[in-house]
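Only one structure is covered here, and it is reproduced in the block below.
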Amino acid sequence: MAQNNTINESTSLSSTGSAKAPLNTNSSYNTTNPTTTSNTTTTTSSSNKVAQAGEFTKNMLAAAHGAGEKLRGEFNEGVDRTFNESEGIAKNERIANAGNSEMATGQFAQSTKNREGAVPGDQDPRRV
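Written as structure tokens, this is what we have:
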């Protein structure tokens with residue numbers, strides 16, 4: 469390697485040439501046009517993340533509610549079949565079907581919103 473000799477301030481020579489000459493490695497790297505890279509970052513605002521987390525939570529709660537509605541509808545339908553209550557059978561089939569829909573879509577069914585008083589125009593009196 470070429471390096472300065474600190475004793476007599478002379479430059480030593482190496483097998484590649486003088487110490488001040490560029491090192492020639494015979495490589496095929498392109499030194500005239502350096503490669504440039506561009507990094508783009510997509511930023512998501514924290515309010516957007518909060519909205520996404522809220523939507524995810526609502527969907528999970530709707531799916532869990534749907535599982536409960538399905539279970540309740542199928543159980544009560546079985547009880548109504550035992551006692552031959554045709555009105556109860558039809559009502560509980562609708563409840564079980566709404567529960568299936570809530571589980572599949574992650575959205576509360578319109579019948580659930582009406583029953584719970586979440587939207588105007590509910591058909592059934594609100595449970596207390």
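For the sequence shown, the numbering used here begins at 469 and goes up steadily by one.
The beta carbon of each residue, even a glycine, is placed where N, CA and C say it ideally should be.
- Contact check between the segment 533 to 551 and the segment 565 to 580: three or more CB pairs, one atom from each, fall below 8 Å, which counts as touching.
- Check the Cα spacing between G534 and each of S569, G556, K581, N516: the tightest is with S569.
- Looking at F576, A519, G546, I557, the one whose alpha-carbon comes closest to that of L529 is F576.
- The criterion of a C-beta distance shorter than 9 Å is satisfied by G574 and N527.
- Sixteen is the threshold: when 16 or more other Cβ atoms of the shown chains lie within 10 Å of the Cβ of N560, as they do, the residue is buried.
- Within the model, the alpha-carbon separation for S579 versus V518 is close to 28 Å.
- With a cutoff of 9 Å on beta-carbon distance, E545 and G556 are scored as near each other.
- Boundaries of the alpha helix (DSSP H) harbouring S569: 554 to 573, taken from the DSSP string.
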